[in-house]
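Participant: Numbering (my numbering), first residue to last: 38 to 385.
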Ligand code: FUB
């Protein structure tokens with residue numbers, strides 16, 4: 038008998054998505070923006086402004102022969118994209134870091150992020166180690182486009198995927214991270230990995246993203262990893278059943294009017310949501326959807342202020358119609374007077 042569990046649902050959803058690209062309804066609609074670059078496939082954009090120029094740190098998607106079960110995201114290097122202004126020419130700056138140059142890496146170089154401090158650029162990246170467990174590494178370089186040199190070992194105490202590096206008002210840095218299912222976050226309990234841990238059932242509390250403050254060296258955790266507390270409008274924690282609102286992957290943090298906006302993907306329901314708090318540690322209260330589901334299975338965004346306007350960097354699968362061959366895009370993001378975000382539909 039076929040056992041019904043989340044794994045079955047996930048694999049089936051991925052298979053269907055990889056065949057169809059997305060729902061027929063989305064396919065017929067017109068995208069509100071076009072891929073920033075078409076010469077390579079790119080995803081998971083983490084955008085930053087360094088020295089008045091825009092840099093996008095993204096996954097570099099490549100084709101795979103592995104089945105569409107999460108293992109087909111087989112990325113092997115990073116290319117940093119750059120542009121002088123939104124709408125301007127986008128440059129692909131070539132290979133910034135190759136998996137072969139990460140001494141501890143096994144496979145699957147997933148969504149990165151980057152920061153600048155005191156003359157050095159720091160690239161944070163998840164990759165499976167040689168035991169096939171996702172860890173987060175850091176590499177440094179003198180230019181925002183790389184090349185970056187990886188540290189010999191992953192950040193001690195780090196695990197899972199989707200690092201987001203955030204600079205707080207006082208200049209200290211925090212690393213948010215975590216991704217469920219393929220990103221293995223649900224397999225970790227109190228810092229211990231167990232590959233046999235099942236996905237949570239609908240009546241269990243939802244898995245929470247993680248955060249750790251960084252030391253001044255930007256390469257190590259200054260404090261034990263904490264859970265990022267996400268609560269609903271009534272102050273209650275999310276259960277797994279609330280999969281249209283609970284965290285799945287793709288954390289991003291930004292400040293708006295002094296408040297901390299924690300945004301993330303809900304994964305299997307494909308929303309990008311946000312929650313607001315008063316400190317980098319939260320708690321963060323759920324506020325709503327930023328981006329409705331895009332073409333493809335995954336959704337992963339960053340939010341950046343550039344020359345007085347706010348921008349949402351995101352991806353979809355417009356170029357290929359395949360879940361694992363994505364393309365990054367950008368569109369303007371607007372707030373209401375009360376600080377809430379006006380939800381975006383990426384298709385007209
Ligand atoms: O790119 C691989 C994974 O897909 C990322 O880690 C997730 O955020 C999702 O976009």
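Even glycine gets a Cβ: it sits at the ideal position worked out from N, Cα and C.
(1) Whole beta strand (DSSP E) runs in the stretch 235-283 with 3 or more residues, listed along the chain?
(2) According to DSSP, simplified to helix, strand and coil, what is residue 305?
(3) So for residue 199, helix, strand or coil by DSSP?
(4) Extract the residue ranges of the alpha helix (DSSP H) inside the stretch 293-343, only unbroken runs of 4 or more that lie entirely within it.
(5) Run through the stretch 123-162 for me and flag every whole beta strand (DSSP E) of 3 or more residues, listed as ranges in chain order.
(6) Could you tell me if residue 126 is buried or exposed, where buried requires 16 or more neighbouring beta carbons within 10 angstroms of its beta carbon?
(7) For the candidate residues 221, 75, 94, whose alpha-carbon lies nearest to that of residue 82?
(8) Let me confirm a value: residue 365 is counted as buried when at least 16 other C-beta atoms fall within 10 Å, else exposed. Which label applies?
(9) How about residue 222 and residue 248: do their beta carbons lie closer than 7 angstroms?
(10) Residue 173: buried (16+ other C-beta within 10 angstroms of its C-beta) or exposed?
(11) Could you check what DSSP says for residue 172 in three-state terms: helix, strand or coil?
(12) By alpha-carbon positions, which one of 226, 274, 306, 97 ends up nearest to residue 386?
(13) Is it the case that the stretch 127-136 contacts the stretch 146-164, given that we only count it when at least three CB pairs across the two stretches are under 8 angstroms?
(14) Confirm, please, whether the CB-CB distance from residue 220 to residue 270 is below 7 angstroms.
(15) Among residues of its own chain, excluding the 5 on either side of residue 107, which ones have a beta-carbon nearer than 6 angstroms to its beta-carbon?
(16) Within the continuous beta strand (DSSP E) that includes residue 112, where are the two ends?
(17) Can residue 147 be considered in contact with the ligand FUB, in the sense that its beta carbon sits closer than 6 angstroms to one or more heavy atoms?
(18) For residue 212, which of helix, strand or coil comes out of DSSP?
(19) Compare the Cα-Cα distances from residue 116 to each of 76, 235, 309, 275 and report the closest residue.
(20) State buried or exposed for residue 227, treating a residue as buried only when at least 16 other CB atoms are found within 10 Å of its CB.
(21) Using the Cβ count rule (16 or more neighbours within 10 Å means buried), how would you classify residue 233?
(22) If you draw a straight line from the C-alpha of residue 370 to the C-alpha of residue 340, how long is it?
(23) Could you give the DSSP three-state label for residue 219: helix, strand or coil?
(24) Could you check whether the Cβ of residue 339 sits closer than 6 angstroms to any heavy atom belonging to the ligand FUB?
(25) Count the other CB atoms within 10 Å of the CB of residue 253; is the residue buried (16 or more) or exposed (fewer)?
(26) Answer yes or no: the CB of residue 83 versus the heavy atoms of the ligand FUB, is any distance below 6 angstroms?
Facilitator: Taking the coordinates as given:
(1) 247-250
(2) helix
(3) coil
(4) none
(5) 128-135, 150-154
(6) exposed
(7) 94
(8) buried
(9) no
(10) buried
(11) strand
(12) This structure leaves residue 386 out entirely; the chain is present only between 38 and 385.
(13) yes
(14) no
(15) 219
(16) Element bounds for residue 112: n/a, residue is neither H nor E.
(17) yes
(18) strand
(19) 76
(20) exposed
(21) exposed
(22) 8 angstroms
(23) helix
(24) no
(25) exposed
(26) no
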